[in-house]
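Have a look at the structure below before the remarks.
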Amino acid sequence: MTNRLREGTTPGLIAVVAEEETLKDVVEVITDARNRERFHRETIQRTPWTRQFYPRQTQGPDGEHISDLIEWTRSNWDNLVLKPERGYSGKGVSVGGIHRDIDGIINLALKDGDYIVQEKIPLNLWTENMPELDLEN
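Under the numbering used here, residue 492 is the last one in the sequence shown; the count climbs by one each step, no gaps.
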């Protein structure tokens, strides 16, 4: 059947070829308050606030109105991350509090396009209590 799909000769089937899904901007759907009823509570809790990054109005991580996402990002940079929508292994990722040239980072993101802004993920959001990593005891 795989060969017939490649050849496009399987009766009654339509083959759809798509790029592997790597768009991080779909996370915005989960963190949009209008969609909260559509997702499990734990999914919402474990998903960092995310917005497509371009000049726009939107809703902030705590439900507050953001009239200018670019300026809001600049003002809240220490708690945010800017990264390409598509990508892997940290390529193109800028982290607030580590990467200090916020003006250069914002200009690059706007010039290149297709970036997201995301709140930093607290370490305990995705980790489990692992005694072998507990440095306090």
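Note that the Cβ used here is the ideal one computed from N, Cα and C, for glycine as well.
Based on the DSSP output, what are the partners of residue i in its beta bridges?
i           : result
residue 420 : 414
residue 439 : 470
residue 402 : Beta-bridge pairing links residue 402 to no other residue.
Could one say the Cβ of residue i lies closer than 8 angstroms to chain D's Cβ atoms, at least one of them?
i           : result
residue 402 : As a matter of chain content, chain D is missing from the structure shown, which is built from one protein chain.
Hey, residue i and residue j: beta-carbon distance below 8 angstroms or not?
i           : j           : result
residue 470 : residue 438 : yes
residue 436 : residue 451 : yes
residue 424 : residue 382 : no
residue 388 : residue 418 : yes
Kindly list the residues whose CB is nearer than 8 angstroms to the CB of residue i, restricted to its own chain and excluding five residues on each side of it in sequence; keep chain order.
i           : result
residue 427 : 415, 421
Note down the Cα distance separating residue i from residue j, rounded to an integer number of angstroms.
i           : j           : result
residue 444 : residue 393 : 30 angstroms
residue 461 : residue 403 : 20 angstroms
residue 431 : residue 390 : 24 angstroms
residue 477 : residue 399 : 14 angstroms
residue 379 : residue 458 : 23 angstroms
residue 454 : residue 385 : 27 angstroms
residue 396 : residue 467 : 34 angstroms
Within a Cβ cutoff of 7 angstroms, which residues of the same chain sit near residue i, ignoring the five residues on either side of it in sequence?
i           : result
residue 448 : 436, 438
residue 474 : 403, 404, 416, 434, 435
Return the chain-ordered list of same chain residues with a C-beta closer than 6 angstroms to the C-beta of residue i, the five sequence neighbours on each side being excluded.
i           : result
residue 412 : 422
residue 429 : 457
residue 410 : 425
residue 442 : none
3 or more residues per run - each beta strand (DSSP E) lying fully within the stretch 449 to 477 = 470 to 474
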